[in-house]
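The opening position of the sequence shown corresponds to residue 4 in my numbering, with each subsequent residue numbered one higher.
Using N, Cα and C, we set each Cβ at its ideal position, and we do this for glycine too.
Structure record follows, encoded as structure tokens.
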Amino acid sequence: MAQKILVIDDDTDICLLLRRFLSKNGFDVAIAHNGVTGLATLDDFRPDLVLTDFKLGDMDGVTILAQIKERFPYVPVLIITGYSDIKVAINVMKQGAYDYITKPLFPDEILLTIKKALSQPSHHIVPAAASVEEDNNPSSPRKKSSGPAPAYILGNGPESQQLYKQVDLVAPTNYSVLVYGESGSG
Numbered sequence: 004m005a006q007k008i009l010v011i012d013d014d015t016d017i018c019l020l021l022r023r024f025l026s027k028n029g030f031d032v033a034i035a036h037n038g039v040t041g042l043a044t045l046d047d048f049r050p051d052l053v054l055t056d057f058k059l060g061d062m063d064g065v066t067i068l069a070q071i072k073e074r075f076p077y078v079p080v081l082i083i084t085g086y087s088d089i090k091v092a093i094n095v096m097k098q099g100a101y102d103y104i105t106k107p108l109f110p111d112e113i114l115l116t117i118k119k120a121l122s123q124p125s126h127h128i129v130p131a132a133a134s135v136e137e138d139n140n141p142s143s144p145r146k147k148s149s150g151p152a153p154a155y156i157l158g159n160g161p162e163s164q165q166l167y168k169q170v171d172l173v174a175p176t177n178y179s180v181l182v183y184g185e186s187g188s189g
């Protein structure tokens, strides 16, 4: 059975181009030309991945991302935009977007990103806020949840606990952070 992708973009040409390209690559593709139609299509189509434009005529990317994550929290969402604004990219990633792709669109890049998103363990990304237990005291040890940790958080040892504390301290600030280590550390 082909994996399902919902494309939401107010540019008809981009929708048709993506549908043709993704269909040729073995995906079942549905398209919507605005946010309201896209959200309505979600319930019937039940996509494995959503590819949506950030600036739609009737709603913005943050709004549609929140609506998608509310209904289908484990469906990866890729945001497409003609504007490369790092603040917007960071914001949508914090809200649970899998990735942020700027126009012009390159088919190989889109296909690679889609395949990576769908090949993640259970191919689902949970917004960062949902994976971190709320704790107002960053110096206290991170509590272990009774359920399994999200697939993208690895490690329960003392070094990992120290890293979690450091992340909790820096995350709410505007400080620049340099992560160094082996390839893939950052």
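- In this chain, the alpha helix (DSSP H) harbouring residue 90 covers 89-97.
- Residue 46 holds the alpha-carbon nearest to the alpha-carbon of residue 73 among 46, 58, 61.
- Each residue's CA atom was taken as its position, placing residue 64 and residue 99 some 12 Å apart.
- By the 16-neighbour rule on beta-carbons within 10 angstroms, residue 93 is exposed.
- Boundaries of the beta strand (DSSP E) around residue 35: 31-35.
- Leaving aside the five residues that flank residue 15 on each side, none in its chain has a CB nearer than 6 Å to its CB.
- In the structure shown, residue 63 adopts extended strand secondary structure according to DSSP, grouped into three states.
- Proximity to residue 9 across 57, 53, 163, 21 peaks at 53, based on C-alpha coordinates.
- With contacts defined as CB atoms closer than 7 Å, residue 110 and residue 24 qualify as a contacting pair.
- Excluding the 5 residues flanking it on each side, residue 84 has same chain C-beta neighbours closer than 8 Å at 56, 57, 58, 64, 91, 103, 104, 105, 106, in chain order.
- Scanning its chain for C-beta atoms nearer than 7 Å, with the 5 sequence neighbours on each side dropped, one finds around residue 61 the residues 37, 38, 39, in chain order.
- Taking residue 6 as reference, the option from 169, 27, 32, 115 with the minimal CA-CA separation is 32.
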